[in-house]
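Student: The sequence shown begins at 2 in our numbering and counts up by one.
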Amino acid sequence: QSKIETDLTTFNAAISACGNGGQWEKALHLFSVAMLTSVESDAITFGAAICACEKGYRWEKSLELFYKMTQSEVQSSVIMLSTAISSCEQVGEWETALQFLGAVALCKTELMRLFNIM
């Protein structure tokens, strides 16, 4: 039997594949496993998980993941912010999307870091 090495690239590809296949729960499980292992997650890991949640209409999870990303050492991006907000819009949670965007904007240093202004 051959053993598959579980490195960051493997986790990112698997999370993305699950998301593209409509398996947001499996994508989040793999994301959790990646976070618990010694593999250091990156923007691609978070982005794939956020995108999987968007495709699965799990806006709450998208926002939660974006928040977790801003609390980590991972550099967030405008694309990930847009995806998280889009997940709210898809299910008619436009007020939540505006509140979330407002909360991000209130945290000036985080916003500056998000847009690479600092």
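Backbone N, C-alpha and C define an ideal beta-carbon position, used for all residues, glycine too.
Compute the beta-carbon to beta-carbon distance between C89 and A53, rounded to the nearest angstrom, for a pair I have assumed lies under 8 angstroms.
Tutor: So it is not a contact: roughly 16 angstroms between Cβ atoms.
Student: Just how far apart, CA to CA, sit L31 and S63?
Tutor: Cα-Cα distance, rounded: 15 angstroms.
Student: For N21, does the count of other Cβ atoms within 10 angstroms reach 16, so buried, or fall short, so exposed?
Tutor: Result: exposed.
Student: What's the call for E96, buried or exposed, on a 16-neighbour Cβ count within 10 Å?
Tutor: Exposed: under 16 other Cβ atoms inside 10 Å.
Student: Do you know how far the Cα of A98 is from the Cα of A85?
Tutor: Approximately 8 angstroms, taken between the alpha carbons.
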